[in-house]
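Undergrad: Right, I'll just put the structure down here and ask away after.
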């Protein structure tokens with residue numbers, strides 16, 4: 001299926017409504033990234049998500065969009081429960097909550113310049129742990145502390161020096177999920193995650 005895109009701005013493209021789509025698709029990407037998204041059929045998945053019951057406004061795709069299990073990875077959609085909307089964790093498979101993050105810095109873009117920006121990216125690349133066996137910056141004492149972290153969320157991290165209070169203002173529910181139940185996490189997942197706290201983890205994660 002060929003997906004036609006209408007350019008709305010340098011980094012925003014629209015997929016017009018057609019057939020069973022309830023809303024349009026909106027793709028945030030540079031023109032250079034689009035052939036990759038089209039080549040692995042991720043744009044078809046953006047259009048498919050637009051057919052979900054109760055979907056509102058648009059089926060969105062972030063710059064990292066690529067083929068997923070149902071939703072494209074990098075896909076974003078909101079649905080209205082009063083209009084038959086659905087909650088579908090399985091839509092994104094195992095990458096749920098994997099996403100694009102934007103960090104603000106107290107420096108003007110013009111002050112960086114190409115060379116300083118390149119050096120900054122190199123430093124981030126060298127100092128940010130990721131990948132299998134890379135380990136995390138936060139060495140937990142064991143599974144009990146991991147349970148405390150799962151219950152306390154980002155607030156627990158801030159209280160232990162891994163962040164600042166204002167970070168919580170930019171997190172959904174201030175970074176704490178009420179009713180979190182660590183006992184529901186499989187022992188295999190605990191084993192894999194215990195040593196990856198404070199890292200980008202493994203799998204399809206990038207910096």
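Residue numbers (UniProt numbering): 1 to 207.
Using N, Cα and C, we set each Cβ at its ideal position, and we do this for glycine too.
#1: For a minimum of 4 consecutive residues, which ranges assigned as the alpha helix (DSSP H) are wholly contained in the stretch 142-186?
#2: Using the rule of at least 16 other Cβ atoms within 10 Å of the residue's Cβ for burial, across every protein chain shown, is residue 121 buried or exposed?
#3: Does the distance from the CB of residue 4 to the CB of residue 25 come in under 8 Å?
#4: Whose CA, out of 69, 55, 124 and 156, lies closest to the CA of residue 145?
#5: Count the other CB atoms, across all protein chains shown, that sit within 10 Å of the CB of residue 47; report buried if there are 16 or more and exposed otherwise.
#6: Please say whether residue 150 and residue 110 have beta carbons closer to each other than 8 Å?
#7: Return the first residue and the last residue of the alpha helix (DSSP H) that residue 121 is part of.
#8: Measuring straight from C-alpha to C-alpha, what distance separates residue 129 and residue 153?
#9: Let me know if residue 123 comes out buried or exposed under the rule of 16 or more other beta-carbons within 10 Å of its beta-carbon.
#10: Going by DSSP in three states, residue 37 sits in which element: helix, strand or coil?
#11: Taking the alpha carbon of residue 91 as the reference point, which residue from 45, 140 and 9 has its own alpha carbon closest?
#12: Could you check which residue in 71, 74, 53 and 194 has the C-alpha nearest to that of residue 208?
#13: Starting from the Cα of residue 31, find the closest Cα among 13, 116 and 174 and give me that residue.
#14: Is the beta carbon of residue 68 sitting closer than 8 Å to the one on residue 75?
TA: Reading it off the structure:
#1: Along the stretch 142-186, the alpha helix (DSSP H) occurs as fully enclosed runs of 4 or more residues at 143-159 and 165-168, listed in sequence order.
#2: The residue in question, residue 121, is exposed, as its Cβ has fewer than 16 Cβ neighbours within 10 Å.
#3: Contact: no.
#4: If we check each option's Cα against that of residue 145, 156 comes out closest.
#5: That one is buried.
#6: For residue 110 and residue 150, no; Cβs fall outside 8 Å.
#7: Per DSSP, the unbroken alpha helix (DSSP H) holding residue 121 starts and ends at 109-127.
#8: Each residue's Cα considered, the two are about 20 Å apart.
#9: Classification of residue 123: exposed, given that the 10 Å Cβ count is below 16.
#10: The three-state secondary structure of residue 37, taken from DSSP, is helix.
#11: For residue 91, the nearest C-alpha among the options comes from 45.
#12: Coverage of the chain is limited to positions 1 through 207, which leaves residue 208 absent and any answer about it impossible.
#13: The shortest Cα separation from residue 31 among 13, 116 and 174 belongs to 13.
#14: Taking 8 Å as the Cβ cut-off, residue 68 and residue 75 qualify as a contacting pair.
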